[in-house]
Structure formats: structure tokens, C-alpha cells
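**Student:** Numbering (my numbering), first residue to last: 8 to 261. Sharing a structure with you now.
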């Protein structure tokens, strides 16, 4: 018998917790990134805990409000600040009368709230939730690492034909083809989420003889190029079902 998990409210296009763990300042200042509080390695000599990294971002950034382009620049800055979302900063001449907050570390530049406009674009690609991070990388590799997933007495997956996904500042994950999964026990959930690096996620709930565990797995039907190897593949939530995954050893915390 499988215990029914607590129901999460359906999400629509939320940041993907399997990508970003709800922290949108990934890679440098979050997760196990080099400027985070929980960095995987060491900085020698040590740096200040409140370090802010500001850099030029030479890509075309546009913002649209009410059908009108209100920002169009190739001279934005990118601000990496611990505990804050990754953000663009613009010169006063680029933002007009849009609401903004000055960036103390970059005099003459200010951050425009993400919600102040209808749509954001970078090099023509519409963005969802936050800018893509230039220091965030996804690598997908075919592997023979074993993945076994159990729900009570039922085995949902047991295979060594897997793909391992390495993602900056996050633990690696195993993905598996649907043909290796008891998909007859999975039902599509109303939950969705979005990741800049893997795309829109579809979630799957487990239904065994009427006993339901919500959102035990997810997949990406149409990921961006860097994540194409996991297109249509499935990964499982170890907090909702019993996942045994042969993964690289976790480095000791620095």
C-alpha cells in the first residue's frame, strides 16, 4: 500500500524547483556555487560574505509593455547578489520612466522589477521568471548508473540504461526512458513548472489501485538544445517515492 502524499496546489509556470530550488540567483551566489554560503570548494584568500558581482552583459535585452518595446539595449549589466534574484541593471537612459531601484555597486544603473513589464526577451528568446545565468551549465550524458524506484511493494523502475544530468551548483540526477517505467501507473498532473535551462516540466502522479501520490515524477517534452538528451525522459522525486540512484559521491562541504 502506498501512502497518499500531501497535495501541493497546482502550479503554472513556476520556477522549477528541480532546477533552481526556488532560488533564481543560481550558479555563482546560490546552491553550492563559488560565492554562496554553502560553496562546494574554497576561495583562497577568503572573500567577504556580502560580495556582489556586477559584469557587462553584451546581449540584446528587450522589455515589452502594452505592446510597446520600452527597453532595447545591448549594454545591460548583470548583478549577482547573494539572497537576491539574478537581475539585469540598466542605465537611466535605457529605462525611461519605468519603476527602478538603483544598484549601489554600479552608479548610474538601476534594476527594473521583473513584473513591471509584460514580457522580457534576450536575443529574441522570451524569458520566464528570471534571466538565464551565463554561469549555469547543463550536461547530459548517457550512463550505466542504476536507478531503482519503489512505491511500497511496487517497483516503478529498475534499470541501468539511464542519462545523468549534471547542472551547475546542484546535485546530479538520473533520467530514464519511459519504456523502462511503469507508465501504466502514472497519471499526468495539473502541476507545471519552468526552468530556463530545461524548459517546461510536466509532472506525473502515481495511482496504484486508487491510492494516489501526487507529482512523483517529471519530464521535459521540449527542452532547449543543452537539455535535448533528456527530452521525454522521466526523473523521480526522492521525497515522494523510494529512489535508489547510483550517483557520484557528494563532495564534503567546504
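Even glycine gets a Cβ: it sits at the ideal position worked out from N, Cα and C.
So, for residue 142: in the same chain, excluding its five sequence neighbours on each side, which residues have a beta-carbon less than 6 Å away from its beta-carbon?
**Tutor:** Reading the chain shown from its first residue, position 135 is the one you call residue 142. So the list reads 34, 35, once near-sequence residues are dropped.
**Student:** Within the stretch 85-134, note down every full beta strand (DSSP E) run reaching 3 residues or more, in order along the chain.
**Tutor:** 94-98, 116-118, 126-129, 132-134
**Student:** Rounded to whole angstroms, how far is the Cβ of residue 84 from the Cβ of residue 99, which I believe are closer than 8 Å?
**Tutor:** Indexing the chain shown from 1 puts residue 84 at position 77. Indexing the chain shown from 1 puts residue 99 at position 92. That pair is no contact at about 13 Å.
**Student:** Please name the residue or residues paired with residue 206 in a DSSP beta bridge.
**Tutor:** Translated into the one-based positions of the chain shown, residue 206 becomes position 199. In the DSSP assignment, residue 206 is bridged to 202.
**Student:** Using C-beta distances below 8 Å, list every residue in its chain close to residue 73, excluding the 5 sequence neighbours before and after it, in chain order.
**Tutor:** The residue labelled residue 73 in the question sits at position 66 within the chain shown. Short of 8 Å from the beta carbon of residue 73, and not among the five residues preceding or following it, lie these beta carbons of its own chain, in chain order: 125.
**Student:** I need the straight-line Cα distance from residue 254 to residue 232, nearest angstrom please.
**Tutor:** Taking the chain shown and counting its residues from 1, one reaches residue 254 at position 247. Taking the chain shown and counting its residues from 1, one reaches residue 232 at position 225. Roughly 24 Å separates the two Cα atoms.
**Student:** Do you know offhand how far residue 93's Cα is from residue 62's?
**Tutor:** Translated into positions along the chain shown, residue 93 becomes position 86. Translated into positions along the chain shown, residue 62 becomes position 55. Using only the alpha carbons, I get a separation of about 12 Å.
**Student:** Does the distance from the CB of residue 181 to the CB of residue 238 come in under 7 Å?
**Tutor:** For the purposes of this step, residue 181 is taken as the residue at position 174 of the chain shown. For the purposes of this step, residue 238 is taken as the residue at position 231 of the chain shown. No.
**Student:** Using a Cβ-Cβ cut-off of 6 Å (strictly less than) and excluding sequence neighbours within five positions of residue 139, which residues of its own chain qualify?
**Tutor:** As a position in the chain shown, residue 139 is number 132, starting the count at 1. Cβ within range, chain order: 203.
**Student:** When the Cα of residue 77 is compared with those of 86, 66, 101, 227, which residue comes out closest?
**Tutor:** In the chain shown, the residue the question calls residue 77 occupies position 70. Nearest option by C-alpha distance: 101.
**Student:** Have a look at residue 206 and residue 157 and give me their C-alpha separation to the nearest angstrom.
**Tutor:** Residue mapping note: residue 206 aligns to position 199 of the chain shown, counting from 1. Residue mapping note: residue 157 aligns to position 150 of the chain shown, counting from 1. Cα-Cα distance, rounded: 27 Å.
**Student:** From residue 130 to residue 137, what does the alpha carbon distance come to, in whole angstroms?
**Tutor:** Position 123 of the chain shown, counted from the start, is the residue given in the question as residue 130. Position 130 of the chain shown, counted from the start, is the residue given in the question as residue 137. Roughly 14 Å separates the two Cα atoms.
**Student:** When you compare the CB positions of residue 120 and residue 111, do they come within less than 7 Å of one another, or not?
**Tutor:** The sequence position of residue 120 within the chain shown is 113, counting from 1. The sequence position of residue 111 within the chain shown is 104, counting from 1. Going by C-beta atoms, residue 120 is not nearer than 7 Å to residue 111.
**Student:** Three-state secondary structure (DSSP) at residue 187?
**Tutor:** For the purposes of this step, residue 187 is identified with residue 180 of the chain shown, where counting begins at 1. In the structure shown, residue 187 sits in a helix (DSSP, three-state: H, G or I).
**Student:** Any idea what DSSP makes of residue 139, helix, strand or coil?
**Tutor:** Here the question's residue 139 lines up with position 132 in the chain shown. Three-state result, residue 139: coil.
**Student:** Buried or exposed, going by whether 16 or more other CB atoms sit within 10 Å of the CB of residue 145?
**Tutor:** If you number the chain shown from 1, residue 145 lands on position 138. With 16 or more neighbouring CB atoms inside 10 Å of its own CB, residue 145 falls in the buried class.
**Student:** DSSP three-state label for residue 232, please.
**Tutor:** The count along the chain shown starts at 1 and reaches residue 232 at position 225. Of the three classes helix, strand and coil, the one that applies to residue 232 here is helix, per DSSP.
**Student:** Measuring CB to CB, does residue 215 end up less than 7 Å from residue 193?
**Tutor:** Taking the first residue of the chain shown as 1, we reach residue 215 at position 208. Taking the first residue of the chain shown as 1, we reach residue 193 at position 186. For residue 215 and residue 193, no; Cβs fall outside 7 Å.
**Student:** Between the Cα of residue 257 and the Cα atoms of 75, 170, 213, 48, which residue gives the shortest distance?
**Tutor:** Counting from 1 along the chain shown, the entry for residue 257 is found at position 250. It is 48 whose Cα lies nearest to the Cα of residue 257.
**Student:** Measuring alpha carbon to alpha carbon, tell me which residue in 196, 201, 68, 243 is nearest residue 188.
**Tutor:** By 1-based counting over the chain shown, the position of residue 188 is 181. Comparing Cα-Cα distances from residue 188 to each of 196, 201, 68, 243, the minimum goes to 243.
**Student:** Please classify residue 44 as buried or exposed, where buried requires at least 16 other C-beta atoms within 10 Å of its C-beta.
**Tutor:** Numbered from its first residue, the chain shown carries residue 44 at position 37. Classification for residue 44: exposed.
**Student:** Could you tell me which residues DSSP puts in a beta bridge with residue 165?
**Tutor:** As a first step, residue 165 is located in the chain shown; it is residue number 158 there, counting from the start. When DSSP reads this structure, residue 165 sits in a beta bridge with 155.
**Student:** Nearest-angstrom Cα distance between residue 59 and residue 39?
**Tutor:** Along the chain shown, one-based indexing puts residue 59 at 52. Along the chain shown, one-based indexing puts residue 39 at 32. About 16 Å.
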